[in-house]
Amino acid sequence: MDINNCQAYELIRREELEGIQSAGYLLRHKKSGARVVLIENDDDNKVFSIAFRTPPSDSTGVPHIMEHSVLCGSEHFPAKDPFVELVKGSLNTFLNAMTYPDKTVYPVASCNDADFQNLMHVYMDAVLHPNIYDHDEIFRQEGWSYRLEEKDGKLSYNGVVYNEMKGAFSSADSVLDRVVLNTLFPDTCYANESGGDPDVIPQLTYEQFLDFHRKYYHPSNSYIYLYGDMDMEEKLNWLDEAYLCHYGNEPVDSRIRLQEPFEKIVEKEIFYSIASDEPEEDNTYLSYNKVIGTSLDRELYLAFQILDYALLSAPGAPLKKALTDAGIGKDIMGSYDNGIYQPIFSVIAKNANVDQKGEFIRIIEDVLAGIADRGLDRKALEAGINYHEFRYREADFGSYPKGLMYGLQMMDSWLYDEDEPFMHIDALDTFAFLKEQMDTGYYEGLIRRYLLDNTHGAIVVVKPERGRTARMDRELEEKLEAYKAGLSDTEKERLMERTKELEEYQSQPDRPEDIEKIPVLRRTDISREIAPILNEEMTLAGVPAVFHETWTNGIGYADLMFDLSDVPEEMLGYVGILQSVLGIIDTENYEYGELFNEINRRTGGIGTSLELYSDVTRVEEKAFRATFEIKAKAMYGQMPFAFRMMREILTGSKLGDTKRIREILDMLKSRLLMRFQSSGHTTAALRALSYASPSAKFKDMTNGIAFYQFVADLTDHFEERKEELTRVLGTLSRQIFRGDNMMISYTASREGLEGMEELAGEMREHLFAGEAPGTPCVIRCEKKNEGFKTASKVQYVARTGNFIDHGASYTGALQILKVILSYDYLWQNIRVKGGAYGCMSNFNRIGEGYLVSYRDPHLKRTMEVYEGVVDYLRSFEVSDRDMTKYIIGTISGMDQPMTPAGRGDRSMNLYMNHVSGEMIRKERAQVLDATQEDIRALADVVAAMLAAEQICVIGGEEKIEANREMFDDVTNF
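One point on numbering: in the UniProt record's numbering, the residue at position 674 of the sequence shown is 674, and numbering is uninterrupted.
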């Protein structure tokens, strides 16, 4: 790039970013003062983002509400929801916006040049020229508003962010995170909740909301980021001519101020809600929190990630082990949050009791003092450094584009020092420094300075209060009743009018000319080719194997797969426990902490999982194959070590260690419940599918609600069942991990195959021998239609069924239906009008379908919306342009870029599911050639799914009790 061709910008610095093989440029727009960073490389998954520093001055959630609202139409793109139109009709690889405690970020990504330009244009217009000044309905829809439908009716609050945060504040983990941040930084913006406190959100006025945009959403307060393989000069000149040149430099005081250190550690206690029949005993959260310098300290930023691993996060880490051994809580967790100006190191004991607080603090400080005096375990340090450096070099962020993650990490320094954007993304020198410090006392010095001698800390205790949600709901209802009672008839009529006006605004379709201003690609822009399937069948020393040849930068990804077809249904809960135990329990040659460190010193990690593969050629039989898998990733030269450690885990684990198993079960119960609270939509959908799907029931019994119930029962009766438990785990290990029951999936370049046959042969030879039981597993399903009561203020509402069971068949057009429902019918009725935070749908090749809502204030109303899908589809009629948009949005989801490991995983999934390349091509053609008639025909598919009448709801106990007639069974977790 030649900056001389971009006269509107000043080049401040250029750097070679060796760690990410890129060139970095720091620029400033001369007229507006906008800060700009370019990261130039050959990655075709291009990323653009614009961010603003948005420190909240209160807890009304105005940064969060603004994040939602600016994406609801703008000057050049006046449609009410350009964001959704882009989701439906672009080839984006990422499209979202995020509110943080001190910033708001608007990132987009795409591999298609024209699409990328379109996304940039819509987002720049959204943040700088939003429709919020012309339509207060946007604020009322996304933020909050009064809702009154009739004069004698009930007055309530509604709003997408309001309901989202009601859900967030129902989670004890979220309450703890928020209170720790607020307590440690009482004199800064971190004292406030940027997402919004539901009790405070209704204090925000429309004018205050607009003032926030006027102040902070200006190029002078912006951070613009471009990443990837593109014409940077063209993009810079376009940004200048289309937007930035129209603004002068108007400095905004948005600095994030430092909190002065405390003279002594502070203590804070707060309550969270549990259901009316949940026990308060063993339900308290204890947390020990210290502020660690600033995120502008290059070495400290990474050093405490390594200390977090070595002290706390790794299995067997000394803080975790000492607290666990002392019986302080059932689940010891921790974190090092370096995404804010002053990072926080936290130690957390979940499922503890208030009277354990003193011992909790004493143990932490005694352990830290002992380590500071005697020194850290060198292997734990090596493992921590290698663990983080391996991930840095691998740069595998799953479905998230690399450029997106680099851009977000860059803000950890750029936001607080505008001349330091590259500090944390070019980290090879920092890793080298940290390795050199292992024997110097450096890390022990950090422990003394920042953990032991540091008075800038807080002890935060979050205590349970039974029925707190119901009490707060009653108080809110009384408050609203009192407010309504004080209104005149005229004021009530005005509220009714405003409610109706908002509903009319939401129901009013966009003008065609407004929708057409949002650019859309053509169907002919989309390739009919599918991503290559990388499956090469082979036999390695008698072991069936599938090799996926692709460039992996010298890393091998090995997956040993063991068939579970012969495990009877009543044993499946034990299989879930076996999977949870292996790798974090002592083996013949290692204590579990040593095992974990040995693995992470020399590899990228070893993990286990249970996987399900449905045979798409036998859908009527509901045939599926379940496997127990152990996966390792390592440089080719370390693959023999990785195989040796996998063998150690599979055949050498001490499954008779009941003390350790009890610790794992307690932790497992806690983590499962935490997942249910944050991902209740997927949990509810799986549970409802399990009423008729053997594969879904298998997953529910090994990782869902049924598994949680099994684990909870085991922990409640551990002493009388522990001998049976260890006996069954041993029997299952010998039955499953047999040499003749294994196959291998391996992803690498061709050179990475060298030596693999020998490794496969050694593994087969050293696994268990013997015959499997002769009776294949038969899973029996039972329809239950359950409501699971929690202390939450919102619901996760699932409706599922198998459409093939009820006479319909699968077609690729169902992939388009997911887009149509999730971003049109369900979006409009459940999110926009209903105020839920999210809504999803899915339909797969084996006939399973679901409709589900996320953080939803409703229950019965949502079920009625689901019933309306059939009529909606029977009368489905859109323009050809809209139909094209749905198709492009569908292909976008099908064509997400993949990492090397992802390419191997996809190929193996297709192999195991018996999905051929021809089947994928046919499905792709069905998507690309779909007509509106094809969509209308899907009404019969949805009707067939709904005919199963399978429902599951996870949500507030009062809402579920009020609709008890909908359920066959109502219970608590």
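Note that beta-carbon positions come from the ideal geometry of N, C-alpha and C, so glycine has one too.
From Gln-342, Met-538, Tyr-225, residue whose alpha carbon lies closest to that of Phe-185:
Here residue 185 refers to the residue found at position 185 of the sequence shown. Looking at the Cα atoms, Gln-342 is the closest of the given residues.
DSSP three-state label for Gln-795, please.
On the sequence shown, residue 795 is found 795 positions in, with the first residue counted as 1. Three-state DSSP puts Gln-795 in a strand.
Identify, in the order they occur along the chain, each residue of the same chain with its Cβ nearer than 8 Å to the Cβ of Val-200, setting aside the five sequence neighbours on each side.
As a first step, residue 200 must be located in the sequence shown, where it is residue number 200. Excluding sequence neighbours, Val-200 sits near Asp-58, Ser-59, Thr-60, Gly-61, Glu-193.
Counting along the chain, where does the beta strand (DSSP E) carrying Thr-104 start and finish?
Locating residue 104 in the sequence shown gives position 104, counting from the first residue. From DSSP, the beta strand (DSSP E) with Thr-104 extends over 103 to 110.
Here's a check: name, in chain order, each residue in its chain whose Cβ is nearer than 8 Å to the Cβ of Pro-776, leaving out the five neighbours to either side.
The count along the sequence shown starts at 1 and reaches residue 776 at position 776. Here the set comprises Ser-565, Asp-566.
Rank Val-942, Gly-807, Pro-897 by C-alpha distance to the C-alpha of Val-870 and give the top, closest one.
As a first step, residue 870 is located in the sequence shown; it is residue number 870 there, counting from the start. Checking every option, the nearest Cα to that of Val-870 belongs to Val-942.
Would you report the Cα separation of Val-461 and Ile-954, rounded to the nearest angstrom?
If you number the sequence shown from 1, residue 461 lands on position 461. If you number the sequence shown from 1, residue 954 lands on position 954. Going from the Cα of Val-461 to the Cα of Ile-954 covers about 27 Å.
For a quick check, are the C-beta atoms of His-766 and Thr-651 less than 8 Å apart?
By 1-based counting over the sequence shown, the position of residue 766 is 766. By 1-based counting over the sequence shown, the position of residue 651 is 651. Yes, the Cβ-Cβ distance between His-766 and Thr-651 is below 8 Å.
DSSP three-state call for Gln-7: helix, strand or coil?
Residue mapping note: residue 7 aligns to position 7 of the sequence shown, counting from 1. Coil, per DSSP.
Consult DSSP for Gln-896 and reduce its assignment to one of helix, strand or coil.
Along the sequence shown, read from residue 1 onward, the residue named residue 896 stands at position 896. Here Gln-896 sits in coil by DSSP.
Reduced DSSP category for Thr-971 - H, G, I as helix; E, B as strand; rest coil:
As a position in the sequence shown, residue 971 is number 971, starting the count at 1. Three-state result, Thr-971: strand.
Does DSSP put Gly-457 in a helix, a strand or coil?
Walking along the sequence shown from the start, residue 457 turns up at place 457. Here Gly-457 sits in strand by DSSP.
Kindly identify the DSSP beta-bridge partner or partners of residue 983.
Outside the shown range of the chain, which is 1 to 973, sits residue 983, and nothing can be said about it.
Who does Gln-950 pair with in a DSSP beta bridge?
Counting from 1 along the sequence shown, the entry for residue 950 is found at position 950. Its beta-bridge partners are Thr-800.
Alpha carbons only, please: which of Glu-569, Asp-514, Asp-187, Ala-303 is nearest the one belonging to Gly-441?
As a first step, residue 441 must be located in the sequence shown, where it is residue number 441. Ranking Glu-569, Asp-514, Asp-187, Ala-303 by Cα distance to Gly-441 puts Ala-303 first.
Could you check whether Leu-732 and Leu-714 sit closer than 8 Å to each other, using their CB atoms as the reference points?
On the sequence shown, position 714 is the one that residue 714 refers to. On the sequence shown, position 732 is the one that residue 732 refers to. Cβ atoms of Leu-714 and Leu-732: not closer than 8 Å.
Considering only the beta carbon of each residue, do Pro-857 and Gly-889 sit closer than 8 Å?
Here residue 857 is taken as the residue at index 857 of the sequence shown, counted from 1. Here residue 889 is taken as the residue at index 889 of the sequence shown, counted from 1. No.
Helix or strand or just coil, what does DSSP make of Leu-582?
As a working note, residue 582 is residue 582 in the sequence shown. In this structure, Leu-582 counts as coil in the three-state DSSP scheme.
Terminal residues of the alpha helix (DSSP H) in which Ile-960 lies
Here residue 960 is taken as the residue at index 960 of the sequence shown, counted from 1. Where Ile-960 is concerned, the enclosing alpha helix (DSSP H) stretches over 957 to 962.
Taking the alpha helix (DSSP H) that His-213 falls in, what are its first and last residues?
Locating residue 213 in the sequence shown gives position 213, counting from the first residue. It spans 206 to 216 - the alpha helix (DSSP H) in which His-213 sits, taken as one unbroken run.
Considering only DSSP beta bridges, list what Cys-839 is partnered with.
For the purposes of this step, residue 839 is taken as the residue at position 839 of the sequence shown. DSSP, once it has assigned bridges, lists Ser-853 as partnering Cys-839.
Looking only at C-alpha atoms, which of Ile-705, Ser-220, Gly-334 sits nearest to Ala-685?
What you label residue 685 is simply residue 685 of the sequence shown in a count that begins at 1. Among Ile-705, Ser-220, Gly-334, the Cα nearest to that of Ala-685 belongs to Ile-705.
Give a yes or no on contact between the region 279 to 294 and the region 341 to 360, applying the rule of three or more CB pairs nearer than 8 Å.
yes
Between which two residues does the alpha helix (DSSP H) harbouring Met-410 extend?
Residue mapping note: residue 410 aligns to position 410 of the sequence shown, counting from 1. Segment 402 to 414, the alpha helix (DSSP H) holding Met-410.
Per the DSSP calculation, Gly-556 is bridged to which residue(s)?
Position 556 of the sequence shown, counting from 1, holds the residue named residue 556. Gly-556 pairs with Ala-634.
Taking Leu-672 as the reference, give the member of Ser-653, Val-711, Tyr-309, Ser-809 with the closest Cα.
Within the sequence shown, numbered from 1, the residue matching residue 672 stands at position 672. The shortest Cα separation from Leu-672 among Ser-653, Val-711, Tyr-309, Ser-809 belongs to Val-711.
Quick one: residues in its chain with C-beta nearer than 8 Å to the C-beta of Glu-569, no 5 flanking neighbours on either side, listed in chain order?
For this step, residue 569 is matched to residue 569 along the sequence shown. Correct list, in chain order: Met-701, Cys-777, Val-778, Ile-779, Arg-780.
For Met-908 and Leu-612, the rounded distance between their alpha carbons
As a working note, residue 612 is residue 612 in the sequence shown. As a working note, residue 908 is residue 908 in the sequence shown. Cα-Cα distance, rounded: 12 Å.
For Tyr-691, which beta-bridge partners are listed by DSSP?
Here the question's residue 691 lines up with position 691 in the sequence shown. DSSP lists no partner for Tyr-691.
Where Val-354 falls, given that 16 or more other Cβ within 10 Å makes a residue buried:
Within the sequence shown, numbered from 1, the residue matching residue 354 stands at position 354. Exposed: under 16 other Cβ atoms inside 10 Å.
Proximity below 8 Å, CB of Phe-860 to CB of Thr-971
In the sequence shown, residue 860 corresponds to position 860, counting from 1. In the sequence shown, residue 971 corresponds to position 971, counting from 1. According to the sequence provided, residue 860 is Lys. The question's Phe does not apply to it. Taking 8 Å as the Cβ cut-off, Lys-860 and Thr-971 do not qualify as a contacting pair.
If we count the other Cβ atoms within 10 Å of its Cβ and call it buried at 16 or more, is Tyr-133 buried or exposed?
Mapped onto the sequence shown, residue 133 falls at position 133. Exposed, because fewer than 16 other Cβ atoms sit within 10 Å of the Cβ of Tyr-133.
Less than 6 Å between C-beta atoms, sequence neighbours within five positions excluded: which residues of the same chain meet that for Ala-791?
Position 791 of the sequence shown, counted from the start, is the residue given in the question as residue 791. Counting only Cβ-Cβ distances below 6 Å, and skipping sequence neighbours, we find Ser-273, Ile-274, Ala-275, Thr-469.
Quick check on the DSSP output: the beta strand (DSSP E) that includes Thr-539 runs from which residue to which?
On the sequence shown, residue 539 is found 539 positions in, with the first residue counted as 1. Note, Thr-539: beta strand (DSSP E), 536 to 540.
Chain-order list of residues whose beta-carbon lies under 8 Å from that of Ala-317 (same chain, five-residue window excluded):
For the purposes of this step, residue 317 is identified with residue 317 of the sequence shown, where counting begins at 1. The answer, listed in chain order, is Tyr-309, Ala-310, Leu-311, Ala-380, Gly-593.
Which partner residues of Thr-790 appear in the DSSP bridge assignment?
Start at 1 with the first residue of the sequence shown, and residue 790 comes out as number 790. Its beta-bridge partners are Gly-956.
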